[in-house]
Amino acid sequence: MDVVLAVLGCVGGFTVGWLGGFRLGALVSDKGAWLYWLLNLLAVVLGVAGDFLGFVLGQPWLWIASISLLIATLTGLKYGRGKIAGRGSLDRPEPEVRELPSVWED
211 MDVVLAVLGC
221 VGGFTVGWLG
231 GFRLGALVSD
241 KGAWLYWLLN
251 LLAVVLGVAG
261 DFLGFVLGQP
271 WLWIASISLL
281 IATLTGLKYG
291 RGKIAGRGSL
301 DRPEPEVREL
311 PSVWED
């Protein structure tokens with residue numbers, strides 16, 4: 211039964227973290243970077259608190275869920291803020307065409 215609870219905790223923590231992180235990242239994408247970093251800090255604090263509680267209470271599923279929640283939340287925040295998942299962020303922008311000024315004109 212412990213294995214089933216651990217797997218459910220892992221899958222549940224990852225799902226909640228990814229969806230919540232992506233949604234929050236998309237919401238703060240138009241706002242300042244400080245809010246994005248504040249949400250990252252909050253995710254780390256909540257993840258560490260969940261790990262601590264899981265160890266103190268002797269519940270492996272809780273700290274497993276907290277670890278997967280933390281990882282998925284940070285990833286979801288990153289992709290939600292960028293609003294790009296996949297190769298779109300790796301594509302190079304179109305080069306700018308620059309016209310050189312004439313040497314003879316002042």
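Residues 211 to 316, numbered by our numbering, are exactly what the sequence shown covers, in order. We treat Cβ as the ideally placed atom computed from N, Cα and C, and that holds for glycine. For clarity, every value in this text was computed on a predicted model and none was experimentally measured.
query	result
Output yes or no for whether 9 Å exceeds the beta carbon distance between residue 256 and residue 280.	yes
Report all residues from its chain with a CB closer than 7 Å to the CB of residue 226; omit the five preceding and five following residues, and keep chain order.	279
Which residue marks the beginning of the alpha helix (DSSP H) containing residue 233, and which one marks its end?	212-237
Smallest Cα separation from residue 212: which of 314, 244, 270, 230?	270
Please state whether DSSP places residue 242 in a helix, a strand or coil.	coil
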